[in-house]
Structures are given as structure tokens and as C-alpha cells.
Amino acid sequence: MKRLAPALFLFLASCSGGRELAGEGGEKPTIVSLNPCTDAILAEVADPGQLLAISHYSKDPRASSMEPEVAARYASTGGTVEEILALEPDIVVASTFIAPATRAALHDLGVRVETFGSVASVQESIEQVRQLARLTGDPASGEALVASIERALADAGADGRPVEAALWQPSGIVPGEGALISDLLRRTGFASYSSVRGMAQADYLALEQVVADPPEVLLVAGSEAGQRHPVLSDLPQMRRESFDTSLLYCGGPTIIRAAERLAQIRQDVS
67 MKRLAPALFL
77 FLASCSGGRE
87 LAGEGGEKPT
97 IVSLNPCTDA
107 ILAEVADPGQ
117 LLAISHYSKD
127 PRASSMEPEV
137 AARYASTGGT
147 VEEILALEPD
157 IVVASTFIAP
167 ATRAALHDLG
177 VRVETFGSVA
187 SVQESIEQVR
197 QLARLTGDPA
207 SGEALVASIE
217 RALADAGADG
227 RPVEAALWQP
237 SGIVPGEGAL
247 ISDLLRRTGF
257 ASYSSVRGMA
267 QADYLALEQV
277 VADPPEVLLV
287 AGSEAGQRHP
297 VLSDLPQMRR
307 ESFDTSLLYC
317 GGPTIIRAAE
327 RLAQIRQDVS
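Residue numbering for the sequence shown follows this note's numbering, starting at 67 and increasing by one per position.
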């Protein structure tokens, strides 16, 4: 966090300290989001003009779970206190990893901060959607998004034997059983290649292992040299599919797109 000049600090404190807390006057609170996963949810459940800014990560296709055209509708910040105060939000929504100094400064200036961690299952994501919708003052918008998520998962469900799949993430690692994407794979008719082989969260999957012991489906979500190796095309018993990294880590509306993609892949291998 940049150091505020004393005069500017006092001026901003005087402006912020007298602001009415969100919701007390019947108006819905304005929000700045510093977390790319909450960015995507708030863009769905907040009213127009209520979400003042999203995180700068959501403007970067390599780090965003939002569609580019959705992210383009919003201003963004780098998460500095100065940027946040200039927008005069009622609430700042942040990751649980928000810098303690930033959180303390916002608290001292009278800005309410709510933190949200990462989710490890569909159910946890649904609860997070509901929490964020309540924060916006519109629980019904959260229920509408939850209904869309549940409908997408129901449509993506698969009958019959689960298909063994290995998800090869950036840096060549695999997800653990406690990851959201692992829950989505189970719900869409896949069995975990890495789990059966005793691999845990962020274990490295070597090209040599894939060649020697190929899964039925290899979902490639990275760009390591091994993940692009020509030898992968010489494994006729294995189907290889690309999987967008933007679908890996966040819940909320991202679940809908991830479920649709997984259902498409599952149908193609049936």
C-alpha cells in the first residue's frame, strides 16, 4: 500500500468518517471488489451502478474468470487504499489474503471490509453466492443465480460409468480431491485419474507418467512444454481436450460455463 501524505490522509478520513453505513437509509450499498472470484459473482447479483469497481485481475484474460465483455463494463483498481477511497464505496469485498495494513487503513477510515475465501465445492460456492447477494441487499438475485447453477449442473449430469480423466493444470500440476474443479468433474460424469493414483493437491504430473499410464481423457489446462508434446497425439486410447484456465478456480457463474464444457467433453467420449 502506498503511504498517504498526512494532509491527504486527514482529508480522506474527514470525508469517509461521516458517511452513512450501507443500508441504513434504505439504499443498497455501493461495493468495490478486490477479489477476482467475487468480481464475477457481484457482476451477476449487484444492481447496475452498485458495483463501483472490480479487481485488476479480472481485466487480465490470463487471471480472470469473467467474460472479457463483462469485465469491460467495470472500472478496476489495483487494490490501493487511495484508489478505493476515491470511489467512496460503502463496502469493500476482498480475499481473506488482503494485506493487514490495507485492511487496517480502510477500517480506520470507516470503510467496511468483508472478506471471502476460496471455495472447495459447489455447495460452498452456492453459499458464497447467497452471502454476497445478501451483502448487496438483494437476496433474490442470489437465488436466481443459484437456480441457474443448479440447472446447469442438472443438465450436465451423466449416466453410466464415470470416465477416468486427468486434469493437467498450469505448471503441470493436478487438483486435489478438495478442489472445486474436482467436485465439478465428479458431478459431470468423470472419475479422478490422479486421486486413484494417490496424487494430492498440486502434485506434479509428468509427461512420462501420462505416456506410460494414460487416462481415458486428458484435460489440458496449461501450456508447459510437456503438455504440448507431439507424443500425446500418439496415444490412441487417450482422448485429449483443452480446458480453459478461466474455468478452474472460481465458483458462482463460472460453474455454469465449466459444467457446460465438461458436459460437452463427456458427451464426445461416450
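Don't be surprised by glycine CBs; every beta carbon is placed ideally from N, CA and C.
Out of the options, point me to the one whose CA is closest to residue i's CA.
i	options	result
E243	F256, S237 and V277	F256
I321	S260, Q267 and S248	S248
R217	I192, Q235 and S237	I192
G226	D126, V335, A109 and S214	V335
V212	L108, P102 and L271	L108
A167	F182, A186 and V147	V147
D269	L233, M132 and A278	L233
A106	R128, G92, V136 and G115	V136
G183	L284, C103, P205 and D126	C103
Do residue i and residue j have their C-beta atoms within less than 8 Å of each other?
i	j	result
R251	L328	Before going further, note that residue 251 is Leu rather than Arg in the sequence given. Yes.
G208	A199	yes
I97	D156	yes
A112	T143	no
V286	Q275	no
R317	Q194	With the sequence shown as reference, residue 317 is identified as Gly, and Arg is not the correct amino acid for it. Contact: yes.
E290	S237	yes
A224	R323	no
P228	Q235	no
A160	T181	yes
Y259	A231	yes
V185	V158	no
L284	I239	no
If you reduce the DSSP assignment to three classes, tell me which class residue i lands in.
i	result
A106	helix
G89	Caution applies to G89, whose pLDDT of 47 falls short of 50 and renders its modelled position unreliable; the model cannot decide the point.
V159	strand
T168	helix
From residue i to residue j, what does the alpha carbon distance come to, in whole angstroms?
i	j	result
L246	L151	34 Å
V177	P281	50 Å
T202	K94	6 Å
H122	L100	8 Å
M265	L273	15 Å
Q330	L153	42 Å
D300	R306	11 Å
G89	P302	For G89, the pLDDT reaches just 47, beneath the cut-off of 50, and the residue's location in the model is therefore unreliable, although a value from the coordinates is still provided. About 60 Å.
S187	L298	31 Å
T254	Y315	17 Å
S130	R263	31 Å
E326	P319	11 Å
A165	M304	44 Å
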